[in-house]
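In the working numbering, the protein residues as written are 12 to 591.
Worksheet: one structure, shown below.
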Amino acid sequence: MVDQLEEIRRRVDIVEFIGQYLPLKKAGRNFRSVCPFHSDKDPSLMVSPDKQIWHCFGCGAGGDIFGFLMKKEGLEFPEALAQLADRAGVELANRSRDWGMKSKLFTINDLAAKFYEKYITDTATGRQAANYLINRGLTAETIKAFQVGYAPAGWDYFAKFIERRGYTKEDGEKAGLLVRRNQNVMDKFRHRLMFPITNVSGQVVGFTGRVLDAKDQPKYLNSPETPIFNKGRILYGLSITKEEIQKSDAVVLVEGQMDALSSYQAGVKNVVASSGTAFTGEQLETLRRYAETLILALDADSAGSEATKRAIELASAKDLDVKVALLEGYKDPDECAKADPAKWREIVGKAVPIVDFYIDYATKKFGNDSVPAKKKVVAEVLPIVALLDSPVEKDQYIKQLAKSLNINPDNLYEALSRAVSGKGNKLPAKSAKEPVQPVLDRSDWLEKRILGMVVAQPDRLEGITTELVADLLVTKWAKKVYAELKNCYTGGEFSLDNLLAKLDYPDRVILLENLMTVEEYYANMPSSDVDQELRFYVNLLKQKNTRVALAEINRQIVSAEKSGDVAKLQALLEEFNHRF
Ligand SMILES: [Zn+2]
12 MVDQLEEIRR RVDIVEFIGQ YLPLKKAGRN FRSVCPFHSD KDPSLMVSPD
62 KQIWHCFGCG AGGDIFGFLM KKEGLEFPEA LAQLADRAGV ELANRSRDWG
112 MKSKLFTIND LAAKFYEKYI TDTATGRQAA NYLINRGLTA ETIKAFQVGY
162 APAGWDYFAK FIERRGYTKE DGEKAGLLVR RNQNVMDKFR HRLMFPITNV
212 SGQVVGFTGR VLDAKDQPKY LNSPETPIFN KGRILYGLSI TKEEIQKSDA
262 VVLVEGQMDA LSSYQAGVKN VVASSGTAFT GEQLETLRRY AETLILALDA
312 DSAGSEATKR AIELASAKDL DVKVALLEGY KDPDECAKAD PAKWREIVGK
362 AVPIVDFYID YATKKFGNDS VPAKKKVVAE VLPIVALLDS PVEKDQYIKQ
412 LAKSLNINPD NLYEALSRAV SGKGNKLPAK SAKEPVQPVL DRSDWLEKRI
462 LGMVVAQPDR LEGITTELVA DLLVTKWAKK VYAELKNCYT GGEFSLDNLL
512 AKLDYPDRVI LLENLMTVEE YYANMPSSDV DQELRFYVNL LKQKNTRVAL
562 AEINRQIVSA EKSGDVAKLQ ALLEEFNHRF
C-alpha cells in the first residue's frame with residue numbers, strides 16, 4: 012500500500028495536477044494561486060514542486076495530491092486513491108473487483124439523466140412537464156442547473172434506449188432504472204418529473220421521480236439502493252452547491268428537493284436537501300468537510316422531532332455549529348423562497364443558535380408558568396445544552412433558561428450534571444463518547460511551527476534543548492516527530508530523508524507541509540531573528556502548559572471545597588504554591 016502511494020506520488024506531479032484546477036503562477040521556487048477553499052483575493056495557496064506539497068496561508072488547508080483531490084471534490088481517501096491510481100497508471104493491488112460493474116452503473120445513470128433531460132426539452136409532453144415546474148415558480152435556468160428531466164409515459168422507452176446503446180435489460184435493472192414484473196422488464200419511472208441524484212463528484216447515482224398527475228401514486232418514487240447509490244451518504248444538490256458552501260462556510264439543510272431548488276433560485280445557493288430520509292452521521296461527515304456552520308431550515312413539525320434532535324446531537328459531536336432558520340409562518344422553505352425570495356435570504360441570515368431556538372420552542376409549546384410546564388421545558392432544553400463544548404456557553408444558556416422560567420439557576424446546574432452523566436436522559440453527553448483529549452486551542456499550531464522551524468535548521472535543536480522537552484508536547488504528531496528528530500540528530504549526520512523515512516504516511520505529509528510554510532515564512536529573515544522567534548514560541552508553549560496545569564488544580568480545589576475534603580484541599584493548595 013505504502014509503495015503504491017509513493018509510486019502514485021512520484022508519477023503525478025503536484026504542480027501539473029493542481030494546475031488543472033487552479034491557475035498557478037511561479038513565485039521563486041514555488042507556485043501560487045488564489046485558494047478555492049476560503050473567500051480569497053490574494054494568492055495565499057502555495058504549491059511546492061520540491062516537496063510535492065500544497066498549503067494555504069489564508070485558511071491553513073494543505074497536504075499532498077490526495078489531500079487536494081479529497082478536499083476539492085469532497086472524496087473519501089479510497090476514492091481519491093482510485094482516481095489518482097488511474098491517472099498514474101498504477102494498478103492497485105487490492106482494488107475491488109466490482110469496479111467494472113460500478114463504472115457501468117455510473118454510465119447507465121448518466122445516460123438516463125441525459126435521456127430524461129432531452130425528453131423535457133424536445134417533446135411536447137416533456138415541455139408540459141417543464142411548464143408544471145415553471146407554473147410553480149421555477150425558472151428554466153434552475154431546471155437546467157439541476158438537470159431536471161422528464162420520464163416519458165411509455166412502458167419501455169428507456170429500456171429500448173439503453174439496449175440501442177449496447178446495454179442489457181439486466182444492466183438496467185441493476186442500475187435501478189428498469190423493473191421486472193413477471194416475465195416483462197419495463198421502465199421504473201414513467202410519466203414523472205426526474206430529479207437526478209449525484210454524488211459529490213457530480214456523477215449521477217440515482218433519481219427521484221415526482222408525479223405530474225395527483226392520481227398517480229406514490230408521489231415520490233426513488234431509485235433503489237445500488238452499489239453506487241447509498242441513501243445514507245448522499246445529499247441532494249451537494250455537487251452543484253459545494254463551492255457556494257465552501258465559500259460561505261455554512262450549509263443550509265432543507266428537507267425536500269423542491270425546497271433546495273427554490274432556495275437556490277432565491278439566491279441562497281449554499282443549500283442541500285436530505286431528501287426525506289433521516290439525516291445520518293455520514294452525511295454530516297461529508298458536510299463537515301465543506302463548512303463549519305449547519306443551518307437547519309425545518310418546518311415547525313420536524314423541529315421538535317426525535318430525528319431532528321438526533322441530527323443536532325450528531326452535528327454537535329462533529330463540531331458543527333448548528334443554527335435554526337425560523338420559517339415565520341411559512342409552510343416550508345419552498346413556499347417562502349418562492350413567495351418572497353428576499354424574505355428567505357433574510358430568514359437564513361437571521362438563523363439563531365440551536366439552544367436559543369429550543370428555549371423559545373419549548374416555552375411556546377409547554378408554557379412557562381406552572382411547575383409541570385417548567386419541568387417539561389427543562390427536559391426539552393437541557394439535553395441540548397449538555398451537548399455544548401464550551402463551559403462559558405453552557406453557563407450562559409443555563410442563566411438564560413433560568414431567567415425565562417423564573418427559577419434558580421443552581422437547580423439547573425444540578426440537572427445539567429445529571430444530564431451530562433447520562434442519567435434520566437435520552438441524549439448522551441458528548442464527553443461520554445470521546446475521552447477528553449487535552450487539546451489546547453493553539454498548541455497544535457505552535458507545536459507544528461516549532462518543529463517545522465527545527466527541522467528546517469536542525470542545529471537549532473542545540474539552542475533550545477533544555478527548554479523544549481518531550482513532556483511539553485501534546486499532540487501525537489508532535490510527540491512522534493520530536494522523538495524521531497532527536498534520534499536522527501543525535502545519531503550522527505542529520506538528513507531530512509532519514510527523518511521522513513521514520514514517519515508514517517500522513518505524519519510525513521504534515522511535516523513537509525510545515526517545512527514548506529516555515530521556509531516561505533522566514534525566507535527573508537536573518538537567522539538570529541528566526542532563532543529568537545523560535546525561543547519565543549517555545550516559551551509560549553511552556554506558558555500554555557502552565558496555564559492548563561493551573562486550571563486543572565483550580566478545578567480540583569473547587570471540587571475539594573465543595574465536597575468538604577479538607578485533607579485533599581490542603582494537599583492541593585500546597586501543590587499549587589509549590590508549582591506556581
Ligand atoms: Zn485557503
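We put the beta carbon where it would ideally sit given N, CA and C, even for glycine.
Asked, Found
"Opposing strand residues paired with Asn-195 [DSSP bridges]", "Arg-192"
"Collapsed DSSP secondary structure at Met-536 in the structure displayed", "coil"
"Beta-carbon gap between Val-333 and Leu-305 smaller than 7 Å", "yes"
"For Pro-207 and Ile-475, the rounded distance between their alpha carbons", "59 Å"
"Where Asn-498 falls, given that 16 or more other Cβ within 10 Å makes a residue buried", "exposed"
"Stretch pair the region 81-94 + the region 50-67: three plus CB contacts closer than 8 Å", "no"
"Nearest-angstrom Cα separation, counted from Phe-77 out to Ile-25", "10 Å"
"Proximity of Val-392 and Ala-373 at Cβ, strictly below 7 Å", "yes"
"Ligand 1 heavy atom lying under 6 Å from the CB of His-66", "no"
"Sub-7 Å separation of Arg-22 and Ala-99 beta-carbons", "yes"
"Within 7 Å, strictly: CB atoms of Val-263 and Ala-308", "yes"
"Integer Cβ distance of Glu-586 from Leu-580, believed to fall under 8 Å", "In fact, because the Cβ distance is near 11 Å, the residues do not count as touching under 8 Å."
"Residues near Lys-387 in its chain [Cβ-Cβ closer than 6 Å; skip 5 each side]", "Phe-377"
"Range of the contiguous alpha helix (DSSP H) that encloses Arg-299", "292-299"
"Which of helix, strand or coil DSSP assigns to Cys-499", "helix"
"Beta-carbon proximity of Val-529 to Leu-479, cut-off 7 Å", "no"
"Own chain partners of Glu-255 with C-beta closer than 7 Å, once the 5 adjacent residues on each side are dropped", "Lys-280 and Asn-281"
"Per-residue burial, Ile-19 [other beta carbons within 10 Å of its own, 16 or more giving buried]", "buried"
"Inter-residue spacing [alpha-carbon to alpha-carbon] between Asn-588 and Ile-323", "43 Å"
"Whole-angstrom C-beta distance between Lys-553 and Leu-462, which should lie under 8 Å", "No, Leu-462 and Lys-553 are not in contact; Cβ-Cβ is about 15 Å, not under 8 Å."
"Residue from Leu-472, Val-215 and Ala-413 with nearest C-alpha to Ser-114", "Val-215"
"Opposing strand residues paired with Arg-208 [DSSP bridges]", "One point to set straight first is that residue 208 is Ile, not Arg, in the sequence displayed. Beta-bridge pairing links Ile-208 to Gly-217."
"Unbroken beta strand (DSSP E) run spanning Tyr-161, endpoints", "160-162"
"Beta-carbon proximity list for Leu-583, same chain, < 7 Å, skipping 5 on both sides", "Ile-564, Gln-567, Ile-568 and Ala-571"
"Member of Met-464, Ala-151 and Tyr-161 whose CA lies at the smallest distance from the CA of Gln-543", "Met-464"
"Assumed close pair Cys-67, Leu-80 - CB separation to whole angstroms, cut-off 8 Å", "At roughly 15 Å, the Cβ-Cβ gap does not stay under 8 Å, so Cys-67 and Leu-80 are not in contact."
"7 Å Cβ cutoff met for Pro-344 and Val-265", "yes"
"Member of Leu-189, Ala-353, Arg-40 and Pro-352 whose CA lies at the smallest distance from the CA of Gly-165", "Leu-189"
"Per DSSP, the bridge partner or partners of Asp-332", "Thr-304"
"Gly-71 (DSSP reduced to helix, strand or coil)", "coil"
"DSSP state of Val-403 mapped onto helix, strand, coil", "helix"
"Test item: CB-CB of Lys-513 and Glu-531 under 7 Å", "no"
"Ala-72 beta carbon near ligand 1 (any heavy atom closer than 6 Å)", "yes"
"Phe-48 Cβ short of 6 Å to ligand 1 heavy atom set", "yes"
"Segment limits, alpha helix (DSSP H) that includes Ser-250", "249-259"
"The region 118-133 in contact with the region 148-161 per 3-pair CB rule at 8 Å", "yes"
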